[in-house]
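For the sequence shown, the residue numbers in the numbering used here are 88 to 329. We put the CB at the ideal spot given by N, CA and C, even for glycine. Presented below is the structure to which this report refers.
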Amino acid sequence: MKKTVPVIVGALLVAGVVTVVVLDRAGWPGLAPRLAERSGFGLTVDPDTRVHLLWSPRLESAQLRVVGTGGEALADARDVKLAWHWRDIWDWRHGAPLRIRLVQAGSLAVNWQRDAQGRTPWPLQRDGVKHEPTPLPQIDHLILHNGTAHLDDAPLQLLADGRFDTDKEGRWKAEVKGKLRGQQLALNAEASGGMALLSSEQAGVPPVQLRLALTQGPQRLAFDGTAASLLDARALDGKLEV
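As structure tokens, this is what we get:
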């Protein structure tokens, strides 16, 4: 009897590990909607959403919605894939900006807001700091096939609306109109592929061809070259005309 106890325990452990691996490969059916509902981050996802937690952590969903702390709709995305590293989540929980390795969506409608103190209704703050300024999140790789964006960011003095799409060949286009620092703003951009918005130097995101025309008040800027990040001038390499 004593000899069979270790065998039984070992068999149970192996069965438990195999079960976890099988469930993770299957995307833990039914788990993601429950986690989203209980997270406190204003997330709702499609009932058939799959989440993989062990290898290459990622979430795949037919629809994902984000609701702000005041109940306002902030994002509605379809055919979504998000990927992250657990180390990035740890760093975020300890004060670093939120970093997402991949954001991919067939369509996206987003409403970005920050007040003069840098606070946002977006549920990006870690627990206990709901009223502190929120740094912009980092997105290493962004693939958005089509969508719209409303941007109301007081620290950047930006109030604008944008449209973007990606064609069948992967070329990405964006148009933004509004005001920046009290002046009329117009931006048209075309890239050879999906771009990051903000990306760390460690991300290793390859640059893509980018053509950009920006008008702010009486000033005009044109860029033709390569870029790895749309909102970071350090990631630009090419010809700039002012």
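Query                                                                                                                                            : Result
Report the option in L195, G193, D178 whose CA atom is closest to the CA atom of I187.                                                           : D178
Beta strand (DSSP E) containing L130: first to last residue?                                                                                     : 130 to 132
One question on the structure: do A236 and D254 come within less than 8 angstroms of each other, judged by their Cβ atoms?                       : no
With burial defined as no fewer than 16 other Cβ atoms inside 10 Å of the residue's Cβ, what is the status of D175: buried or exposed?           : buried
Give me the Cα-Cα distance between L140 and G280, rounded to the nearest whole angstrom.                                                         : 28 angstroms
Note the first and the last residue of the continuous alpha helix (DSSP H) segment covering W209.                                                : Note, W209: premise wrong, no alpha helix (DSSP H); not H, not E.
Rounded to whole angstroms, what's the CA-CA distance from A315 to L297? Just pull it up for me.                                                 : 9 angstroms
D324 by DSSP, collapsed to three states: which one?                                                                                              : strand
Here's the rule I'm using: 16 or more other beta-carbon atoms within 10 Å means buried, otherwise exposed. How should T207 be labelled?          : buried
Consult DSSP for A309 and reduce its assignment to one of helix, strand or coil.                                                                 : strand
If you reduce the DSSP assignment to three classes, tell me which class P224 lands in.                                                           : coil
State the beta-bridge partners of E277 as determined by DSSP.                                                                                    : K260, R298
Whose CA, out of A149, T131, S126, V138, lies closest to the CA of L118?                                                                         : V138
Would you decide whether S148 is buried or exposed? Buried here means 16 or more other CB atoms lie within 10 Å of its CB.                       : buried
Under 8 angstroms between the Cβ atoms of V295 and A276?                                                                                         : no
Could you please give the first and the last residue of the uninterrupted alpha helix (DSSP H) stretch that includes D175?                       : 173 to 180
Alpha carbon to alpha carbon, what distance is there between P184 and G215?                                                                      : Caution applies to G215, whose pLDDT of 49 falls short of 50 and renders its modelled position unreliable; the model cannot decide the point.
Within 8 angstroms, do at least three Cβ pairs link the segment 225 to 236 to the segment 267 to 276?                                            : no
Measuring alpha carbon to alpha carbon, tell me which residue in V329, L189, A196, L151 is nearest Q306.                                         : V329
Helix, strand or coil for E159? Go by DSSP, reduced to three states.                                                                             : coil
Between R250 and the rest of its own chain, which residues show a CB-CB distance below 6 angstroms, the 5 nearest in sequence each way excluded? : T235, E262
Under three-state DSSP, which class holds L140?                                                                                                  : coil
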